[in-house]
Structure formats: structure tokens, C-alpha cells
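Q:
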Amino acid sequence: LARGYNIVYTPHIASEKIYKASGHLETYRENMYSPMSIEEVDYYLKPMNCPGHIMIYKNDVHSYRELPIRYAELGTVYRYERSGTLHGMLRVRGFTQDDAHIFCTPEQVVDEAAGVIELAIYFSKIFGYEFKAYLATRPEKFIGDDAVWDKAERELKAALERHNLPFEIDAGGGAFYGPKIDIKWVDALGREWTGP
9 LARGYNIVYT PHIASEKIYK ASGHLETYRE NMYSPMSIEE VDYYLKPMNC PGHIMIYKND
69 VHSYRELPIR YAELGTVYRY ERSGTLHGML RVRGFTQDDA HIFCTPEQVV DEAAGVIELA
129 IYFSKIFGYE FKAYLATRPE KFIGDDAVWD KAERELKAAL ERHNLPFEID AGGGAFYGPK
189 IDIKWVDALG REWTGP
């Protein structure tokens, strides 16, 4: 709240049309649970909070003067992880995650990403975790065009460099809808886990 986030809550189940519009059905279906049919409409357990946050944003008309708009949620998501990838309480099929999405102008991207990195560093220090940073770039299956992806990757790189944060390139590790910065906490055995 102190950093300007609006706390939101999204439903655990949503109709197929939301996941078609977001691209999840086309590119993420293998990690989603099978649909449940209610009154001839298919519904899915949510695998991610982003489609719900986008729906909240789209519910109102916004001026560029309102941006950035930041949404945060402690949201429970459900992912059909293959049994061989499950790992105790650290890799499970249903979990509650602290999640946030920021709607901003193209000119605000570097500042907003740098602010999120600052927050991740802050929490890593509070909990005493060592961490590694990664810039996850365009995967094989992606939506959008190359020029937009190239620009987004440059901006995330600039945000990491603003903090003089050493990072590695995770080639192809981005989400289907955009590149991302991954902060991974390192445990006592040297294993890396997705962090804040």
C-alpha cells in the first residue's frame, strides 16, 4: 500500500472466454486443469492472476494521467504441474502467491520495473536470502511482434542495470506474452526457487 498498490481479489474460477482472450488456452493449456462445464459454458480454475487483473483494469475508463495503476493480490492459483516436477511445499499444484500487475505508459516501464526490483531486493534482505536475477527473454511460442519484444527486453535490462544488479540471460524463458525479470532465492543447498 505504501508503494501505491491497490489490493484486489479475483475469482478462483473463470469462464473459458477470459482464458481465450488472454491467450492462456492457446499457449498454457497443458498446465491448466481440465474445464468444468456449467450450463454449457466451460470454466477453469485460474492458473494465473493476470487475466483477472486485466479485467479489473478494463472495467473502468482510464486517462494516461492516472497511470501507473498498480494492482496487488495474495491470489490462489492452480496449475497442473506434472508429477515429476512437484517438490514438497516449493513446487505444488495449488498455491497462494503475492502477485502484482502494473498498468503504465511506455515511458514509465523502466521506472516501474526498477521499483519492483527495489522491492524484491528489500524483501530478500529482510528474510536474509541470497538471490540471483535473470532476464527471461522471448520463448519459442509467443504473441506480439518482434519489435515490441525487443523494446520490452531492452527496458527490463535497463531497470536491472539501474540497480547495478548482476543478472543472467534466460534465453527463451519469458512468458508467452512478454519478457520478465526473475528473482530466484538460493537455498542452503544452492537450489534456486522463484522468489518475491
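Heads up, my numbering is the position in the sequence shown plus 8, with the first residue counted as 1.
Even glycine gets a Cβ: it sits at the ideal position worked out from N, Cα and C.
Quick one: grab the DSSP three-state call for Val-16.
A: If DSSP states are grouped into helix, strand and coil, Val-16 belongs with coil.
Q: Give every residue of the same chain whose Cβ lies closer than 6 Å to the Cβ of Tyr-137, excluding the five residues on either side of it in the sequence, and list them in chain order.
A: Cβ within range, chain order: Trp-193.
Q: Buried or exposed: which applies to His-70, given that a residue is buried once 16 or more other Cβ atoms fall within 10 Å of its Cβ?
A: Its Cβ having fewer than 16 others within 10 Å, His-70 is exposed.
Q: Flag this pair as yes or no: are the beta carbons of Ala-141 and Leu-173 separated by less than 8 Å?
A: Yes, the Cβ-Cβ distance between Ala-141 and Leu-173 is below 8 Å.
Q: Roughly how many whole angstroms lie between the Cα atoms of His-20 and Asp-107?
A: So the alpha carbons of these two residues sit roughly 14 Å apart.
Q: Once the 5 residues before and after Gly-181 are set aside, which same chain residues still bring their CB inside 6 Å of it?
A: Around Gly-181: Ala-144.
Q: How many angstroms separate the CA atom of Gly-38 from the CA atom of Glu-200?
A: A quick correction: the sequence has Glu, not Gly, at residue 38. Glu-38 and Glu-200: Cα-Cα distance of roughly 24 Å.
Q: Just checking my contact of Tyr-41 with Tyr-52 at CB under 8 Å: how many whole Å lie between their CB atoms?
A: That pair is a contact at about 7 Å.
Q: Measure the alpha-carbon distance for Phe-139 versus Gly-152 and round it to whole angstroms.
A: Using only the alpha carbons, I get a separation of about 31 Å.
Q: Can you give the Cα-Cα distance for Asp-178 and Arg-146, rounded to whole angstroms?
A: Between Asp-178 and Arg-146, the C-alpha separation is close to 9 Å.
Q: Which parts of the region 116 to 192 are runs of the alpha helix (DSSP H), unbroken and 4 residues or longer, counting only runs that do not cross its ends?
A: Counting whole runs of 4 or more residues, the region 116 to 192 contains the alpha helix (DSSP H) stretches 117 to 135 and 154 to 170.
Q: Name, in chain order, the residues that DSSP records as bridge partners for Val-194.
A: Paired residue(s): Glu-138 and Glu-200.
Q: I believe Arg-101 touches Tyr-79 by the beta-carbon criterion, under 8 Å. Please report the beta-carbon distance rounded to the nearest angstrom.
A: So it is not a contact: roughly 25 Å between Cβ atoms.
Q: Quick one: using the 10 Å Cβ neighbour count with 16 as the cut-off for buried, is Thr-202 buried or exposed?
A: Thr-202 should be labelled exposed.
Q: Over what stretch of residues does the beta strand (DSSP E) that includes Met-44 continue unbroken?
A: First-last of the beta strand (DSSP E) with Met-44: 44 to 46.
Q: Nearest to Ala-122 by CA position, among Lys-159, Tyr-130 and His-171, is which residue?
A: Closest option to Ala-122, Cα to Cα, is His-171.
Q: May I have a chain-ordered list of the beta strand (DSSP E) segments no shorter than 3 residues that lie completely inside the region 19 to 81?
A: Counting whole runs of 3 or more residues, the region 19 to 81 contains the beta strand (DSSP E) stretches 21 to 23, 44 to 46 and 49 to 53.
Q: To the nearest angstrom, how far is it from the Cα of Gly-219 to the Cα of Arg-90?
A: Here the chain covers residues 9 to 204 and nothing more, so residue 219 does not appear.
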